[in-house]
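Enquirer:
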Amino acid sequence: MNNFPIIRVISKILIPYILLFALYVQFHGDFGPGGGFQAGVIFAAALILYGLVFGLPSVYEVAPPKVVEKLIALGLVIYAGTGVACMVLQGNFLDYNQLKHNTLTDLPAYIGEGTFHFLPSDQHLGIFLVELGVGITVTAVMTMIFYSFAGREVVE
Amino acid sequence: MIDFIVIPILTLLALTALTVARIKNLWAAVMFTGIYSFLGASWMLILDAPDVAFTEAAVGAGVSTILMLATLALTPRKRHKDGHLESADFEEKPPKRSPFWALSVVLITGCALVYGTLDMPAFGDPNAPIQVYPDPSFVEKSQPDMHGLPNVVTAVLASYRGYDTLGETAVIFTAGIAVLLILRKSTAEDEAFISSMSKGEKGE
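Top to bottom, those sequences are chains A and B.
Positions 0 to 155 (numbering that gives the first Met the number 0) are the ones given, in order, by the first sequence.
Positions 0 to 203 (numbering that gives the first Met the number 0) are the ones given, in order, by the second sequence.
This is the structure in structure tokens:
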């Protein structure tokens with residue numbers, strides 16, 4: 000689709016916003032609608048659009064298959080690792096209440112109330128990490144499936 | 000007022016489904032499934048399920064349409080003796096058997112499903128099991144449990160049922176790996192490994 004200027008220009012304008020929207024759905028998922036899976040498929044859709052319009056070699060430069068392949072496992076490791084981290088902190092598997100950190104919540108006493116309020120702790124932190132893991136795995140799986148379809152040649 | 004949106008969307012959904020079934024050109028049929036998914040996503044949005052609508056729009060209309068188009072582009076074509084590839088016409092072949100039995104099975108199943116819906120509670124009924132059965136206080140309980148996280152759906156999926164979601168992620172992981180194993184082009188390294196394996200078996 001390299002030769003259609005309208006498609007090239009429009010997708011070049013749209014792709015950053017699709018990626019931004021995916022990040023919004025990912026990191027705002029515990030406040031608004033959405034979450035890891037939705038964000039993952041939207042992010043992958045942006046990569047696939049880029050691959051469709053500008054060709055596989057250009058999308059391989061942005062997201063090399065060797066890296067994406069490993070991200071499939073990384074997402075699951077982040078999820079399970081969050082659970083194991085809770086166990087290391089003497090809680091149950093995936094018991095996010097153990098992830099409460101006092102370092103940053105105690106700081107406001109020194110720098111002023113609410114300075115670090117945006118930093119997630121306990122349940123917020125657990126859900127944040129877990130959704131991040133889901134998002135990474137879903138993005139990587141969707142992108143890799145597209146790569147393996149698009150990278151094949153016609154069989155006779 | 001909402002009927003002005005609901006009725007056209009549901010009519011278009013039904014029309015698109017019929018078109019997918021009737022149309023003979025496979026490229027057009029794939030594009031119609033994409034349109035069907037977009038209409039489905041709009042319908043989910045009206046039912047107040049924006050996260051399902053995101054998924055339907057991105058997966059149903061986006062990714063799976065592209066994968067189906069890619070499959071069509073990869074389907075075998077004839078190569079003439081002079082070496083040039085003949086492009087396939089991508090027309091659906093006429094069925095070899097009479098569609099009577101298939102049609103009657105579909106009709107009977109459809110009637111059974113519609114008969115089943117007659118027992119279901121009315122749409123939005125506050126006394127329906129789905130509103131009553133998992134304790135409704137879950138919604139209130141999640142506020143102190145999650146320290147003020149407003150999205151109860153995320154709280155249930157990622158925290159109360161964290162194990163379940165871990166399992167789902169593992170399913171996506173496994174499915175992805177399986178698809179890659181089937182579709183990936185085998186490299187020279189893989190070929191060498193396979194041939195060394197088969198030699199080893201022969202040796203024993």
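Ideal placement from N, C-alpha and C gives every residue a C-beta, glycine not left out.
Note that the coordinates shown come from a computational prediction; the quantities given were computed from them, not determined experimentally.
Taking buried to mean at least 16 other C-beta atoms within 10 Å of its own C-beta, is serine 156/A buried or exposed?
Expert: Because residue 156/A is not part of the residues shown, which for chain A are 0 to 155, the question remains open.
Enquirer: Here's the rule: buried if 16 or more other CB atoms are within 10 angstroms of the residue's CB, otherwise exposed. What is glycine 125/A?
Expert: By one-based count along the first sequence, residue 125/A stands at place 126. Buried, because 16 or more other Cβ atoms sit within 10 Å of the Cβ of glycine 125/A.
Enquirer: Starting from glutamate 55/B, follow the alpha helix (DSSP H) in both directions and report where the run begins and ends.
Expert: As a working note, residue 55/B is residue 56 in the second sequence. Unbroken run through glutamate 55/B: none, as it is neither H nor E.
Enquirer: Rounded to whole angstroms, what's the CA-CA distance from valine 67/A to leucine 112/B? Just pull it up for me.
Expert: For this step, residue 67/A is matched to residue 68 along the first sequence. For this step, residue 112/B is matched to residue 113 along the second sequence. Cα to Cα, the separation comes out at about 42 Å.
Enquirer: If you draw a straight line from the alpha carbon of lysine 198/B to that of alanine 187/B, how long is it in whole angstroms?
Expert: Locating residue 198/B in the second sequence gives position 199, counting from the first residue. Locating residue 187/B in the second sequence gives position 188, counting from the first residue. In a straight line, the C-alpha of lysine 198/B is about 16 Å away from that of alanine 187/B.
Enquirer: Give, in chain order, every residue of the region 3-21 of chain A whose Cβ lies closer than 8 Å to some Cβ of chain B.
Expert: none
Enquirer: Taking the straight line between their C-alpha atoms, what separation do you get for asparagine 150/B and glutamine 97/A?
Expert: Stepping through the second sequence from its first residue, residue 150/B is reached at position 151. Stepping through the first sequence from its first residue, residue 97/A is reached at position 98. So the alpha carbons of these two residues sit roughly 21 Å apart.
Enquirer: Give a yes or no on whether 8 Å exceeds the smallest Cβ distance from leucine 51/A to chain B.
Expert: Taking the first sequence and counting its residues from 1, one reaches residue 51/A at position 52. Yes - at least one Cβ of chain B is within 8 Å of the one on leucine 51/A.
Enquirer: Is the Cβ-Cβ distance between methionine 141/A and alanine 21/A less than 8 Å?
Expert: Counted from its first residue, the first sequence places residue 141/A at position 142. Counted from its first residue, the first sequence places residue 21/A at position 22. In this structure, the beta-carbon distance from methionine 141/A to alanine 21/A does not fall below 8 Å.
Enquirer: How would you list, in chain order, the residues of chain B whose beta-carbon sits under 7 Å from the beta-carbon of tyrosine 78/A?
Expert: For the purposes of this step, residue 78/A is identified with residue 79 of the first sequence, where counting begins at 1. Residues of chain B passing the Cβ test: Leu165, Thr168.
Enquirer: Under 8 Å between beta-carbons, which chain B residues line up against alanine 62/A? List them in chain order, please.
Expert: Working through the first sequence from its first residue, we reach residue 62/A at position 63. Those do not exist, as alanine 62/A stays about 15 Å from chain B at its closest Cβ, beyond 8 Å.
Enquirer: State the Cα-Cα distance for the pair proline 15/A and alanine 16/B, rounded to the nearest angstrom.
Expert: Along the first sequence, read from residue 1 onward, the residue named residue 15/A stands at position 16. Along the second sequence, read from residue 1 onward, the residue named residue 16/B stands at position 17. Roughly 33 Å between the two C-alpha positions.
Enquirer: Taking CB distances under 8 Å as the criterion, tell me whether threonine 32/B reaches chain A.
Expert: Walking along the second sequence from the start, residue 32/B turns up at place 33. By this cut-off, threonine 32/B is not an interface position.
Enquirer: Is the beta carbon of methionine 43/B sitting closer than 8 Å to the one on alanine 57/B?
Expert: On the second sequence, residue 43/B is found 44 positions in, with the first residue counted as 1. On the second sequence, residue 57/B is found 58 positions in, with the first residue counted as 1. Going by C-beta atoms, methionine 43/B is not nearer than 8 Å to alanine 57/B.
Enquirer: Should aspartate 29/A be labelled buried (16 or more other beta-carbon atoms within 10 Å of its own) or exposed?
Expert: In the first sequence, counting from the first residue as 1, residue 29/A sits at position 30. Aspartate 29/A should be labelled buried.
Enquirer: So which of Tyr95/A, Ala38/A, Val24/A, Leu13/A has the shortest CA-CA distance to valine 52/A?
Expert: Position 53 of the first sequence, counted from the first residue, corresponds to residue 52/A. Of the listed residues, the one whose Cα sits closest to valine 52/A is Leu13/A.
Enquirer: Could you work out which residues of chain B lie near methionine 141/A, taking near to mean beta carbons separated by less than 7 Å?
Expert: For the purposes of this step, residue 141/A is identified with residue 142 of the first sequence, where counting begins at 1. Within chain B, the residues near methionine 141/A are Val62.
Enquirer: Looking at the structure shown, is glutamate 152/A part of a helix, part of a strand, or coil, going by DSSP?
Expert: One-based indexing of the first sequence puts residue 152/A at position 153. DSSP places glutamate 152/A in coil when its eight states are reduced to three.
Enquirer: Could you please give the first and the last residue of the uninterrupted alpha helix (DSSP H) stretch that includes methionine 119/B?
Expert: In the second sequence, residue 119/B corresponds to position 120, counting from 1. Element bounds for methionine 119/B: n/a, residue is neither H nor E.
Enquirer: Within 10 Å of its beta-carbon, does threonine 10/B have 16 or more other beta-carbons around it, so buried, or fewer, so exposed?
Expert: The residue given as residue 10/B occupies position 11 in the second sequence. Threonine 10/B is classed as exposed because its beta carbon has fewer than 16 other beta carbons within 10 Å across all chains shown.
Enquirer: Comparing the C-beta of serine 158/B with each C-beta of chain A, is any distance below 8 Å?
Expert: Residue mapping note: residue 158/B aligns to position 159 of the second sequence, counting from 1. Yes, serine 158/B lies at the interface with chain A (some Cβ there is under 8 Å from its Cβ).
Enquirer: Ignore the nearest five residues each way along the sequence and tell me which others in isoleucine 77/A's own chain have a CB closer than 7 Å to its CB.
Expert: Along the first sequence, one-based indexing puts residue 77/A at 78. Taken in chain order, the residues that qualify are Leu128, Leu131, Gly132, Ile135.
Enquirer: Just to confirm the assignment, what range does the alpha helix (DSSP H) spanning glycine 80/A have?
Expert: Counting from 1 along the first sequence, the entry for residue 80/A is found at position 81. Its alpha helix (DSSP H) spans residues 64-87.
Enquirer: Quick one: what does DSSP say isoleucine 135/A is sitting in, helix, strand or coil?
Expert: Your numbering for residue 135/A matches position 136 in the first sequence. DSSP places isoleucine 135/A in helix when its eight states are reduced to three.
Enquirer: Could you give the distance in angstroms between the alpha-carbon of asparagine 24/B and the alpha-carbon of isoleucine 6/B?
Expert: By 1-based counting over the second sequence, the position of residue 24/B is 25. By 1-based counting over the second sequence, the position of residue 6/B is 7. So the alpha carbons of these two residues sit roughly 28 Å apart.
Enquirer: Quick check: what's the CA-CA separation for alanine 28/B versus methionine 67/B?
Expert: As a first step, residue 28/B is located in the second sequence; it is residue number 29 there, counting from the start. As a first step, residue 67/B is located in the second sequence; it is residue number 68 there, counting from the start. In a straight line, the C-alpha of alanine 28/B is about 10 Å away from that of methionine 67/B.
Enquirer: Going by beta carbon distance, what residues of the same chain come within less than 8 Å of glycine 39/B, once the five residues before and after it are set aside?
Expert: As a working note, residue 39/B is residue 40 in the second sequence. The answer, listed in chain order, is Leu12, Glu55, Gly59.
Enquirer: Pick helix, strand or coil for glutamate 60/A, following the three-state DSSP scheme.
Expert: Numbered from its first residue, the first sequence carries residue 60/A at position 61. The answer is helix: DSSP assigns glutamate 60/A an H, G or I state.
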